[in-house]
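Data block below; observations after.
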Amino acid sequence: MKTKQSKDDPVSRARGEARQVHILRGGREWMVVRRTKLWQPPTDVFEEDDRLIVLVEIAGMKSADFHISLTPQQLVISGTRMVREQNCTAYHQLEIPYGDFRTHATLPWPVAEESVTAQYEDGLLRVVLPKAATESVRVIPVGRGRD
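Just so we're aligned: the sequence shown equals residues 17 to 163 in my numbering.
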């Protein structure tokens with residue numbers, strides 16, 4: 017007896033995000049799942065004194081694999097995590113996402129763009145965004161014009 021699955025269950029969501037390809041090889045049928053949507057790595061955004069810290073958990077990358085862009089309102093981090101070659105005859109569990117990813121952080125205040133830094137170490141990408149110096153208000157006196 018088949019049970020009807022709702023659109024909110026994980027299996028239905030995974031089917032919507034992936035394209036399945038069946039391959040016959042060596043007398044056995046294999047199923048290959050290819051993601052068709054971007055995935056989002058776990059991301060923390062927190063404030064320390066005079067800076068914003070964005071921490072992205074994404075193992076198996078190299079520093080050059082990341083693309084980081086900054087606008088006045090948003091930090092965007094994207095890239096592609098490639099599948100590592102596995103010499104296995106069958107997968108029994110696949111939970112690690114591969115392929116194109118994207119995450120973003122909304123900036124709560126202006127940042128000093130020239131001082132932004134990013135480091136990747138031990139599977140964590142850490143982006144430090146220092147607050148921009150606050151501009152002080154300057155009062156401009158109005159002189160008398162010619163009468």
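Glycine included, every Cβ here is placed at the ideal spot set by N, Cα and C.
Cβ-Cβ separation, residue 143 to residue 11 (assumed contact under 8 Å), whole Å: Since the first and last residues shown for the chain are 17 and 163, residue 11 lies out of range.
Cβ shell of residue 60 (< 7 Å), same chain only, five flanking positions each side left out: Translated into the one-based positions of the sequence shown, residue 60 becomes position 44. Contacts found: 71.
Collapsed DSSP secondary structure at residue 85 in the structure displayed: Locating residue 85 in the sequence shown gives position 69, where the first residue counts as 1. Three-state result, residue 85: strand.
contact_flag[the segment 95–110, the segment 126–138] where n(CB pairs < 8 Å) is 3 or more: no
Complete alpha helix (DSSP H) runs within the segment 66–133 (minimum length 4 residues, chain order): none
Distance, residue 121 Cα to residue 64 Cα: Against the sequence shown, residue 64 aligns to sequence position 48. Against the sequence shown, residue 121 aligns to sequence position 105. Distance between the alpha carbons of residue 64 and residue 121 is about 15 Å.
Neighbourhood of residue 149 by C-beta, 8 Å cutoff - its chain only, sequence neighbours within 5 removed: Position 133 of the sequence shown, counting from 1, holds the residue named residue 149. So the qualifying residues of the chain are 128.
Alpha-carbon spacing of residue 124 relative to residue 107, whole angstroms: Along the sequence shown, read from residue 1 onward, the residue named residue 124 stands at position 108. Along the sequence shown, read from residue 1 onward, the residue named residue 107 stands at position 91. Taking the straight line joining both Cα atoms gives about 43 Å.
Neighbour-count burial assignment, residue 68, 16 or more Cβ in a 10 Å radius: Locating residue 68 in the sequence shown gives position 52, counting from the first residue. Its Cβ being crowded by 16 or more others within 10 Å, residue 68 is buried.
Identified DSSP bridge partners for residue 147: The sequence position of residue 147 within the sequence shown is 131, counting from 1. In DSSP, residue 147 forms a bridge with 127.
Residue 74 burial status per 10 Å Cβ neighbour count (16 or more: buried): Within the sequence shown, the letter at position 58 stands for residue 74. The residue is buried, with at least 16 neighbouring Cβ atoms inside 10 Å.
Where residue 135 sits in the DSSP three-state scheme: Here residue 135 corresponds to residue number 119 of the sequence shown, with the count starting at 1. Strand, per DSSP.
Spatial neighbours of residue 57 in its chain, beta-carbon cut-off 7 Å, leaving aside the 5 residues before and after: Counting from 1 along the sequence shown, the entry for residue 57 is found at position 41. Closer than 7 Å at the Cβ level, and outside the excluded window around residue 57, lie 72, 73, 74, 117, 119.
Beta-carbon separation (whole angstroms), residue 82 vs residue 141, contact threshold 8 Å: Counted from its first residue, the sequence shown places residue 82 at position 66. Counted from its first residue, the sequence shown places residue 141 at position 125. About 6 Å separates the two Cβ atoms, so the contact holds.
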